[in-house]
Amino acid sequence: MLGLIILMFVIMLGGGPTHDRLGFRYWKNPGAFKEYSDAISGDTGRFVSFSACFVYALFCYLGIELTGIVAAEAENPRKNIPKAVKLTMYRLIIFYVISIFLLGMCVASNDPKLIHAKSASTSAAASPFVVAIQNSGIEVLPHIFNACVLMFVFSACNSDLYVASRSLYSLAIDNKAPKILATTNRWGIPYYSLGVSVLFCLLAYMSVSSGSAKVFNYFVNVVSIFGVLSWICILITYICFDRAVRAQGVDKSTFAYVAPFQPFGAWFALFFCCLLALIKNFTVFLGHEFDYKTFITGYIGLPVFFISFFGYKFYYKTKFVKPEEADLYTFKAAIDQEEEDGKILDAEKAQRIEENGRNWEWFYEKYLGKVF
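The sequence shown maps to residues -18 to -1, 1 to 354 in mature numbering (1 follows the signal peptide of the UniProt record, and there is no 0).
Written out as structure tokens, the structure is:
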């Protein structure tokens, strides 16, 4: 990804074979913000287009909560999780914001290749990065990028299967899913949970058709609504945790990491996520005909979530926990012991690096470990 960012920067400055210095040309014509349609034009059309991008932005950012999900299985979480959380912001700025900023300078919003990619079957060729590379006159790199996309997909699939299988495993441990899903092999892998997760991967073959672009959009709609609902649940959980900490008089200075701007930041994020959940597919109401398929796939998660939540509360007759009664100390002793063990391992690693001199391990801990 860093290579693509550098490449976009070079192309923008005219370093490609065509030596065409693009600069901010496409920000002036056709403009940085494209109008939504002929019926909705002007500033209103640009605002609608900007708002309509939220559904794809949500889809791209899904998975940033992975750091918190894997905390229970991380080595020395009190040291490594805060480090990973802090680095997440920098990665988002570099890999998302800067790349999109440069990409918008290298590809026009009305580029014929983008329009063709939208109407054709989805593939790596539909990527605006490939369009930018092709427009610059570079012939070999698009094929290399296609190979890189496959590698990215395998990496993302690996992470998603890990989260899905571990989530099913945790539900089974808590007696909220069939017990068979808690079965593990000698390596600790919940293979039944993994198998169930793999079955859903077969849905990807639905995109191998003439209408694959529409199928992909439906998948994006469904996944994004459940993704933003998971963010909402995480934020509500954190707000309740913060209330419990305050109610029980726990000193936050004893925490390994304290998130900034809290709890106001969590409330702001909660409001924004709730707003996104409601408006992310509002464009179905703007067309000449009501697109019921996009409406159903875009909002199906809301009734499913509320029916599941309140149905569980009603069936099992569970109650909300008061902040004063919340359990904040279960498993704390185990984490304390793990932290002490981690300190011993860190001391041994530091001694080993000092004895071996400036080798690859030293270089990673000194430089790469701060970023990756």
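Backbone N, C-alpha and C fix where the C-beta goes; we use that ideal spot for every residue, glycine too.
* Helix or strand or just coil, what does DSSP make of SER118? -> coil
* ARG3 and LEU(-6) look like a contact to me (Cβ under 8 Å); what is the Cβ gap, rounded to whole Å? -> 6 Å
* Report the residue ranges of all alpha helix (DSSP H) runs contained in full by the segment 152 to 227; include only those spanning at least 4 residues, in chain order. => 173 to 183
* Does the beta-carbon of residue 357 have 16 or more other beta-carbons within 10 angstroms, so that it is buried, or is it exposed? -> There is simply no residue 357 to check, as the chain begins at -18 and stops at 354 in what is shown.
* Could you have a look at ALA90 and say whether DSSP puts it in helix, strand or coil? => coil
* To do: To the nearest angstrom, report how far apart ILE216 and GLY50 are at their CA atoms.
  => 10 Å
* Mark PRO(-2) as exposed unless 16 or more other C-beta atoms lie within 10 angstroms of its C-beta, in which case mark it buried. => exposed
* Could you tell me the distance, in whole angstroms, from the CA atom of ALA329 to the CA atom of GLY177? => 40 Å
* To do: Could you tell me the distance, in whole angstroms, from the CA atom of ASP323 to the CA atom of ASN58?
  => 8 Å
* C-alpha distance - ALA102 paired with SER290, whole-angstrom precision -> Unreliable placement is indicated for ALA102, whose pLDDT of 49 sits below 50; no coordinate value is reported for it.
* Between the Cα of TYR151 and those of LEU163, LYS158, GLU337 and CYS130, spot the shortest distance and give me the residue it belongs to. => LEU163
* Burial state of TRP169, where buried means 16 or more other Cβ atoms lie within 10 Å -> exposed
* Completely contained alpha helix (DSSP H) runs for the segment 238 to 275, where each covers 4 or more residues -> 246 to 261
* To do: Check the C-beta distance from VAL286 over to THR276 and give it rounded, since I have them as a contact under 8 Å.
  => VAL286 to THR276, Cβ: 17 Å. No contact.
* Asked: What first and last residue would you give for the alpha helix (DSSP H) that runs through TYR298?
  -> 283 to 298
* Specify, as a first and last residue, the run of the alpha helix (DSSP H) that ASP25 falls within. => 24 to 34
* Cβ-based burial, LEU211 [other Cβ within 10 Å; buried from 16] -> buried
* Asked: Using DSSP with H/G/I as helix, E/B as strand and the rest coil, what is ILE326?
  -> helix
* Give the DSSP-derived three-state secondary structure of LEU310 in the structure shown. => coil
* Assign PHE6 to one of three DSSP states: helix, strand, or coil. => coil
* Asked: Alpha carbon to alpha carbon, what distance is there between SER23 and VAL145?
  -> 42 Å
* Asked: Got a sec? Which residues, its chain only, sit under 6 Å from LEU123 by beta carbon, not counting five neighbours each side?
  -> ILE115
* To do: Return the first residue and the last residue of the alpha helix (DSSP H) that ILE46 is part of.
  => That residue, ILE46, is in no alpha helix (DSSP H); it is neither H nor E in DSSP.
* Within this structure, are the beta carbons of VAL112 and LEU96 separated by less than 7 Å? -> no
* **Span of the alpha helix (DSSP H) around THR70** => 59 to 74
* LEU(-17) burial status per 10 Å Cβ neighbour count (16 or more: buried) -> exposed
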